[in-house]
Amino acid sequence: MTNDVTMSEFSTEEKLKERIKELSCLYEVTNILNQLELTNEEVVVAIAWRLKEAWRFHEKAIVEVFFKELYFSTNKKLENTIFVKDYLLIENSVVGEIKIHYPADDFTENDFLEDEKKLLKKVCYEVSFFLEKKENQIKEAHLKRSAERVDRLSILGEITAGIAHELNTPLGNILGFAELIKQQNNNPQIDRDISKIINAAIYSREIVKNLMFFSCEMPQNKNVFPVKPIIMQALTLLGPNFKKGDINYKVSFADDDIKAQIDNIQLTQVLFNILLNAIYVSPPKSEIHVNVFSTESHFVIEIKDNGKGIEDEIKHKIFEPFFTTKPLGEGTGLGLSVVHGIIKSHQGIIETLDNNPNGTIFRIKLPLK
1 MTNDVTMSEF STEEKLKERI KELSCLYEVT NILNQLELTN EEVVVAIAWR
51 LKEAWRFHEK AIVEVFFKEL YFSTNKKLEN TIFVKDYLLI ENSVVGEIKI
101 HYPADDFTEN DFLEDEKKLL KKVCYEVSFF LEKKENQIKE AHLKRSAERV
151 DRLSILGEIT AGIAHELNTP LGNILGFAEL IKQQNNNPQI DRDISKIINA
201 AIYSREIVKN LMFFSCEMPQ NKNVFPVKPI IMQALTLLGP NFKKGDINYK
251 VSFADDDIKA QIDNIQLTQV LFNILLNAIY VSPPKSEIHV NVFSTESHFV
301 IEIKDNGKGI EDEIKHKIFE PFFTTKPLGE GTGLGLSVVH GIIKSHQGII
351 ETLDNNPNGT IFRIKLPLK
């Protein structure tokens, strides 16, 4: 059976009927695309069913929509079909397609009307425009959140720098006078009390030092260093921590000879803080991956753990001073804020990504020069 009837052979009434179907389809597709609350999957399904109804032999038509990882078909696809298709584009790159099938045993390519092909092209254009607009909105929202986070961290840095400077002098005085009293004291009880004051002052001074790292106030000693030995030394020094947690690590270098102008002590501190966090959150028998590669202007370190990941609600807070998810007494909440300050002072970038199926990737990007 074939249905070889061209549009020119239709009666005026039939032509009008087909034209109304096509215009109605385009109108309803536009209405669907104006419902911005719909998910991409809901849009794909609604448009597929609406396109099916617009085709001349809609009872036999099968509509397939492919968009990135999404797929939908109005009917079970037959093995032997003829079809027409057009593409979905985002920024001139193909991201999907829409196909309209007829059973090959009953139809030929002549059964697809030219007006139907034009309709398919128009629908694909409208859907592409919608998808591109939606992706741009997502990107803009992400950029806005990133800018807000940078602004917040910058303000926190200024406040933190002021606090650190104000605390540094009195802490130095407390420590100096306490040590002087300890030297001149012969009372064992006073000696024990003074020791507590000295230890507390040293601990407080370390916190102030970390706050100054966060606010980029610490002096740097930048020289050109090979990156691989710094990373390998950090992993070696943390060997007992990996062993205690029953965790392995795997490190890979795309280039063994990467060199960069960095403060090697500060980079080691960055690696220590991130790796210690990775060890803390990763379960026994798991493996932490460290990948290192470079571009023309930067080198990149990726540290991938196998923990539970970072919840979306707190991702924007993890680099803020004193923010921690650890139980009380297990952390100061300054480790990642120190990391952020050091990376920023090196004109670098640090970001977190999801490590599918579970865990987190910390990606550090630093200039080579």
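Counting in the UniProt record's numbering, the sequence shown runs without a single skipped number right up to 369 at its last residue. Glycine is no exception: its CB is placed at the ideal position from the N, C-alpha and C atoms. Just so you know, these numbers come straight off a predicted model, no measurement behind them.
Would the beta-carbon of residue i fall within 9 Å of that of residue j?
| i | j | result |
| --- | --- | --- |
| residue 339 | residue 269 | yes |
| residue 303 | residue 275 | yes |
| residue 97 | residue 87 | yes |
| residue 123 | residue 29 | yes |
| residue 344 | residue 261 | no |
| residue 300 | residue 366 | yes |
| residue 288 | residue 253 | no |
| residue 85 | residue 99 | yes |
| residue 222 | residue 263 | yes |
For the alpha helix (DSSP H) containing residue i, name the first residue and the last one.
| i | result |
| --- | --- |
| residue 347 | Counting along the chain, residue 347 falls outside any alpha helix (DSSP H), and DSSP gives it neither H nor E. |
| residue 278 | 264–281 |
Taking DSSP as the reference, what is the three-state secondary structure of residue i?
| i | result |
| --- | --- |
| residue 79 | coil |
| residue 237 | helix |
| residue 295 | coil |
| residue 93 | strand |
| residue 257 | coil |
| residue 101 | strand |
| residue 316 | helix |
| residue 40 | helix |
| residue 193 | helix |
| residue 286 | coil |
| residue 177 | helix |
| residue 20 | helix |
| residue 85 | strand |
| residue 6 | Unreliable placement is indicated for residue 6, whose pLDDT of 48 sits below 50; the coordinate value is still reported in the next sentence. Correct three-state label for residue 6: coil. |
| residue 301 | strand |
| residue 34 | coil |
| residue 248 | strand |
What residue from the options has the CA that sits closest to residue i's CA?
| i | options | result |
| --- | --- | --- |
| residue 137 | 279, 89, 36 and 115 | 36 |
| residue 89 | 101, 55, 127 and 57 | 127 |
| residue 54 | 69, 320, 141 and 113 | 113 |
| residue 110 | 271, 130, 56 and 239 | 56 |
| residue 342 | 319, 143 and 19 | 319 |
| residue 131 | 91, 142 and 101 | 91 |
| residue 296 | 255, 314, 284 and 280 | 255 |
| residue 231 | 221, 257 and 247 | 257 |
| residue 346 | 266, 317 and 125 | 266 |
| residue 171 | 144, 201, 188 and 189 | 201 |
| residue 251 | 293, 46, 83 and 168 | 293 |
| residue 94 | 117, 129 and 115 | 129 |
| residue 271 | 47, 144, 282 and 364 | 364 |
The beta strand (DSSP E) spanning residue i covers which residue range?
| i | result |
| --- | --- |
| residue 64 | 62–67 |
| residue 365 | 360–367 |
| residue 370 | No information on residue 370 is available, as it lies outside the stretch 1 to 369 that the chain covers here. |
| residue 113 | That residue, residue 113, is in no beta strand (DSSP E); it is neither H nor E in DSSP. |
| residue 72 | 70–73 |
**OP:** Kindly confirm or deny that the stretch 176–183 and the stretch 194–202 touch, where touching means at least three C-beta pairs closer than 8 Å.
**Re:** Yes, they touch.
Original post:
Looking at C-beta atoms only, is the number of pairs between the stretch 70–77 and the stretch 102–110 that lie closer than 8 Å three or more?
Top reply: No, the stretch 70–77 is not in contact with the stretch 102–110.
Subject >> contact_flag[the stretch 114–123, the stretch 57–67] where n(CB pairs < 8 Å) is 3 or more >> reply: In the pairwise beta carbon analysis, the stretch 114–123 is classified as not touching the stretch 57–67: fewer than three pairs are separated by under 8 Å.
Subject >> Any 3 or more C-beta pairs closer than 8 Å across the stretch 308–321 and the stretch 356–364 >> reply: Contact between the stretch 308–321 and the stretch 356–364 is present: three or more C-beta pairs spanning the two stretches fall below 8 Å.
Original post:
Looking at C-beta atoms only, is the number of pairs between the stretch 275–289 and the stretch 230–245 that lie closer than 8 Å three or more?
Top reply: Flag = yes, the stretch 275–289 and the stretch 230–245 touch.
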